[in-house]
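Colleague: Before we start, here is the structure in question, set down as structure tokens.
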Amino acid sequence: MKKILILTASIVLFYMQLNSQETLDTAYLECSYTFTQMIDTITQKKSVRDVDMRLLIGAKYSKFYSHRLFSADSILKTMTTDEQMFMLSNGGFTDFINKYGSSEAYKVYTNHIENKITQTDMRAPKNVLYKESVPKQNWKILSEIKDFDGYKCQKATCTFRGRDYVAWFTREIPVKEGPWKFNGLPGLIVKVHDTQEHYDFELSYINKIRKKIIFEEKNYPEITLKDYIKVCRYKIQHPLEYLMNSGKNVRTTFSPDPKPYDVMERDIK
Amino acid sequence: MTTKLSSVNLFCAADFFINLHKKYLKKYTVILLLLQAICCDANAQAVFSGVVKNARTGELLSGANVTLHQTDSDNIIAWSICNNKGEYLIKINGQSDSLDLRAAYLGYAEQIIRIAPQSQTNNFSLAEKEFVLKESKITAPKIRAYGDTVSYSAGQFTREQDRVLTDILDRMPGVEVNKETGGIKYQGTPVNRFYVENQNLMDGRYGEVSKNLPVDAVKTVEIFENHQPVRALQDISFSEQAAINIKLTDKAKGKWTGNGFTAGLGLSPLLWRAEFSAMRFAPDIQTYVTYKTNNTGQDIKIYNNFASIQIIMLNETNTSAFYSPFISSPNIDKKRSFFNRSHVFSINNLWKTGKESNLRFNIDYRNEETEQESAQTTKYFLGNDSVYTYSEKYEVNNYQNKISGNLTYTKNDARMFFENKLSAEADWQKINSTVTSNSNINQRLRLPGFEISDEFKIIARTAKKRTYHFTSNNKFNSQPQELLSSISPQANNLADFSQIADIKTFTSANILAFGHSIKKVNVNYMAGYDFRIDGYDAGNEIFRRNEHKIDFTPSLSYQGGRLRTSLQLPLYYANISGSDNIDGFSGLVFEPSLRFTYSPGYFWEFYASGNLSSDLGSIYDAVSGVMKNYRTQYVFDGAFPRTDKAVAAFGINYKNPIKALFAYTSISYGNITSANTGEQIINGAQIINRIIEGKNKTESVSANGYISKIFDWQRCSAKLNWNISESRSQQIQNSMLMPFSNFSFLLNPGFEIETFAGQMLNYSISISALRSTVQNIKQPFMHSLKQNFTYYIPVAKNINIMISGEHLRNQVSVNQYVNMFLMDATARYKISPKFELALSWNNIFDTREYSYSSYNDLYYMSYSYKLRPMNILFTANVQLR
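Line by line, the protein sequences are chains D and Y.
When you number the first sequence by this note's numbering, it's gap-free, plus one each residue, and the end is 328.
When you number the second sequence by this note's numbering, it's gap-free, plus one each residue, and the end is 964.
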């Protein structure tokens, strides 16, 4: 496992340096979500996959990405290649890789003017991106009210790409955004999960900022949404083969098991 | 009505299908619901539409949301998000009552229009309004790291019982706070700057702000590692010290904040406490004002935590330390043994005069009267198992009036650094002490002092990374002193005396330097001329000492990927001359120092350092015959008092912001060779500390460490400090050479945990062991143990109780231990967010005396101090916010 993570991290690093950047907008609000996934649907075991999935909200664009991966990268960027390899190969740093290695590697850019989504991923297994229209989610607002750390939230439900979701949003922060592709409620989404609780995003903090929203993956080759989901599903079901196909020489003495869960957008076959 | 009926019927029909096959259910329900929807549409549909725009500019607000509610209800019936043209469209069915149509957008005030339930067009014009985040637990991750910055989110470290910044700083792993002085260390090294919103208002007296800034005004605490405060040197020369920057919440920025007004009264004896503190941190001006007074044992002295960072060439000698021992401090919470009447006033202001420059002044005034009652027994090891024991009881009154101030102008941009600091200080100190031994002794010490100094520094940098540097520091210090001692009846070889002297010092240190960079290596050449003139005028005897130094210091520093190195090679020529009673010196002195720091990764840092240094003494070494107190005389019969010191150290720092785990450990070795050896002549109660010629070597090894971690579980945080040291030296006691060594060990773990809902327990224990070996005979270990706890209980929403206690177990002689229990309790009642009442019950067990022992070189000393009796204090506080 360690080796895979080392490899993954070095692939990330390699590609990070190749990409050109474009400033899209200036964000005025920064929200951080904790992402929890049921990693075993049989034993119902849940795992916090990322404690800092960041949503940047600007007037025209919003961006959703793993800040942990970003900060892991910025920590790694301060080191030389030798240092990175030293650190990554040193057993004492397994935690670092475990923590960061499992971070979500996708980013969702939403263009609110053109109503377009661009999702990029640097581990699919290579860099890719795909575009689609902002998906319409037919939210139903219910009368149930709950308090989340002082914010009055109202319940809403919808069915989206094969899963039924429950969301809690607050009108006290009147924006239409939410984590991942969730959008269209009259207030910020504070918590959203599917009814089977396989995927869960919960707001951990919110901050007023002035920060650039930068599109970092301009050179990524474009594929279709269907192909992307295919790759993600393949990665879950055939982790070893997926790794073999990532274009690097991999020598492993073990074979990673297929994961007992499915992708979020499970009705896209 | 019809819709409802039809849906009931249809669902009955659906029920039938459920029994047939579940799979069909969904399909049919969907179809049936669609049918129902169409019916509804046909029945009574109302359409609401319009645009939402900015009231001031008319800009259409795409993304604004419009929600439809029952009147005066928060429940949403329907909603719409405005499209690119700012348009909204809401359709509803069958509503009879009037409705509220609300438009909201971040950064704008919500607008509500009451409407009848018929189709209509309503346009909204929203007024701009700043969006303010709630004070909420939805806060930032605990610790973030980027580059050389480690950023702690204040909210994540704040517990209900916390009031001021120091309370949360101490909980941040990697950060340590000295409770008394407010001094801050990061990874074991004192910080070199304390900024609030990137401005240096308080300089070394930053403890005042950290001890008075309310926690809810703090948003983030940032640590800048290897902070170079001079911007013109930022990519050229590095520092091994970190700086701390306090970022305030949006609400606190530019507003008056602080502890506000506090007033308290108590018994017995009659106790008072009054405080006012206010501060404001605006972009162009920062202010801190305080007035405090109490007789409750609270230490309100303003400490300068940068006092040790002094100009290299000036040997600081603290005149009042020349006299010993008048006031000593027991190793117990200061407020318990501190009998005081104190007043402190301080005003500090910083103006930003330009983008990169500021003008600052700080003025402090303190008036303090303290009393101390203590008893001490000293055993002097005279060799050959013979021991002389002397007991004395002290009653000390100390009066002090001190005023100090400075005016500083700083310009700090990428090309140039300029700073001039003009400081002045006046101090009137009078200490009266009554000593009861076999005789009654009255001692009186007066120390009126005055000091004025100016520090001037200019650093310029050219485009090619060349730097030019000029520093000139000048100081004049006058400290007359008067020590009177009257003894009756005269016994134990003691006699009356009066000792009056006038001491004046002028120092000047001037440095001219040039630096340039060759790739990653920075080379610096420094030339300096320093002089110091001291005068000690005791009427019949006059000492004069003139010291001149011409120095040249080449230095190299390298900062590569994982290695930082600095090498300094100061070589100076010193000339010391003066009156006949002063030993002269003229010669070269070399003081090289080298340091390597290696960081294999982000988490680890290893360093090794070594340096040689020499001390050429001061006028105080030469002033022979002077009385230090009623029974201790200092006699100098030695050679030129030169001391050479070699120090080597090795250390490891570890930081892991992700796991909130910080640790460091270091070991150091020191070897001090001095030209003279101390001799102690014990002649009854009279002690003569004589310095005689003869090489003396002191070797010491010490190791220390620290580890701190925050856990997610039960808001738990844990800390551990440890220290081991051993030193060897020798002293002549009653003409017998006695080698001695001292060993000490200290272990200090502590933790904080949430026990039940909101209740917090903070516990720490400190275990120490000391042992002296005199003439190769090992004395028994002296053990002491100290346990502290505080327990915080939120009783009701506005009421909380804090109980704190101390247990001390000190060894007072070989097989005798003294146990002491001390406890306090405070109840607080918050009437409003601004107004709070508190009732404290201090020293609940009414413990009146504290005693402990220690080994000090060749003595065994046992002390006992009078403690403040049980008392009750009632205080009221109005916060500023």
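From the three backbone atoms N, C-alpha and C, an ideal C-beta is built for every residue, glycine too.
1. Using DSSP bridges, identify the partner residues of F369 of chain Y.
2. Have a look at Y:L566, Y:D231 and Y:K880 and flag the residue whose alpha-carbon is nearest the alpha-carbon of I914 of chain Y.
3. Rounded to whole angstroms, what's the CA-CA distance from T436 of chain Y to K540 of chain Y? Just pull it up for me.
4. What does Q213 of chain D touch in chain Y if you count any residue whose Cβ is under 7 Å from its own?
5. Are the Cβ atoms of T82 of chain D and I232 of chain D separated by less than 7 Å?
6. Let me see if you follow: with CB-CB separation under 7 Å, is K235 of chain D close to chain Y or not?
7. In terms of alpha-carbon separation, which member of Y:I594, Y:I195, Y:N694 and Y:S701 lies closest to R628 of chain Y?
8. Mind listing which residues of the stretch 165-193 of chain Y have their C-beta closer than 7 Å to chain D's C-betas, in chain order?
9. Within the continuous alpha helix (DSSP H) that includes N295 of chain Y, where are the two ends?
10. By the criterion of Cβ-Cβ separation under 9 Å, what are the contact partners of I232 of chain D in chain Y?
11. Which same chain residues, not among the five before or five after T140 of chain D, have their C-beta less than 6 Å away from its C-beta?
12. Looking at the secondary structure, which residues open and close the alpha helix (DSSP H) in which C291 of chain D lies?
13. Comparing C-alpha positions only, which one of Y:F444, Y:A578 and Y:E688 sits nearest to N523 of chain Y?
14. Evaluate contact between the stretch 276-284 of chain Y and the stretch 315-331 of chain Y, counting only Cβ atoms and requiring at least three cross-stretch pairs below 8 Å.
15. Using beta-carbon positions only, say whether N806 of chain Y and N779 of chain Y come within less than 7 Å of one another.
16. T177 of chain D bridges to which residues according to DSSP?
17. Could you pull the DSSP bridge partners for A786 of chain Y from this structure?
18. Which one or two residues does DSSP pair with L353 of chain Y in a beta bridge?
19. Can you tell me whether D468 of chain Y is buried or exposed? The criterion is at least 16 other CB atoms within 10 Å of its CB, across all chains shown.
20. May I ask you to list, following chain order, the residues of the stretch 143-154 of chain Y that have a beta carbon less than 8 Å from some beta carbon of chain D?
21. Please report the residue range of the beta strand (DSSP E) in which L88 of chain D lies.
22. Are the beta-carbon atoms belonging to E454 of chain Y and F421 of chain Y less than 7 Å from one another?
23. Mapping the DSSP letters down to three states, classify S145 of chain Y as helix, strand or coil.
24. One question on the structure: do S91 of chain D and Y264 of chain D come within less than 7 Å of each other, judged by their Cβ atoms?
25. Roughly how many angstroms separate the alpha carbons of L652 of chain Y and N557 of chain Y, rounded to a whole number?
26. In chain order, what residues of the same chain lie with their CB nearer than 6 Å to the CB of A801 of chain Y, ignoring the 5 residues before and after it?
27. For Y448 of chain Y, I'd like the list of residues in its chain whose CB is within less than 6 Å of its CB, leaving aside the five on either flank, ordered along the chain.
28. Name the residue from D:D286, D:I295, D:I327 and D:Q296 whose alpha carbon lies nearest to the alpha carbon of T179 of chain D.
29. Let's test the definition: count the other Cβ atoms within 10 Å of the Cβ of L956 of chain Y and tell me whether it reaches 16, buried, or not, exposed.
30. If S810 of chain Y sits next to E782 of chain Y, beta carbons under 8 Å apart, how far is it from one beta carbon to the other, in whole angstroms?
31. Against K267 of chain D, what residues of chain Y qualify as contacts under a CB-to-CB distance less than 8 Å, listed in chain order?
32. Would you mind sorting F928 of chain Y into buried or exposed? The rule is 16 or more other CB atoms within 10 Å of its CB.
33. Report the residue from Y:H310, Y:K417 and Y:G341 whose alpha carbon sits nearest the alpha carbon of T264 of chain Y.
34. Would A852 of chain Y and F828 of chain Y be called neighbours here (beta carbons separated by less than 7 Å)?
35. Buried or exposed: where does T1012 of chain Y fall if 16 or more other Cβ atoms within 10 Å of its Cβ makes it buried?
36. Name the chain Y residues that come within less than 8 Å of G221 of chain D, Cβ to Cβ?
Modeller: Let me lay it out:
1. Looking at the sequence provided, one finds Gln at residue 369 of chain Y rather than Phe. Bridge partners of Q369 of chain Y: Y:F364 and Y:L433.
2. Y:K880
3. 18 Å
4. I159
5. no
6. yes
7. Y:S701
8. N167, A187, Y188 and L189
9. G290 to N295
10. L189, F214 and L216
11. Any reading at T140 of chain D is ruled out, since the residue's pLDDT is 48, under 50, leaving its predicted position unreliable.
12. L284 to Q296
13. Y:A578
14. yes
15. no
16. D:Y168 and D:K190
17. Y:I750 and Y:I807
18. Its beta-bridge partners do not exist; DSSP assigns none.
19. exposed
20. S145, G146, A147, N148, V149 and T150
21. E81 to D99
22. no
23. coil
24. yes
25. 24 Å
26. K792 and F834
27. F428 and I486
28. D:D286
29. buried
30. 7 Å
31. F214, L216 and D333
32. exposed
33. Y:K417
34. yes
35. Nothing about residue 1012 of chain Y can be read from this structure; chain Y reaches only from 84 to 964.
36. In chain order: nothing, as chain Y lies at least about 14 Å away.
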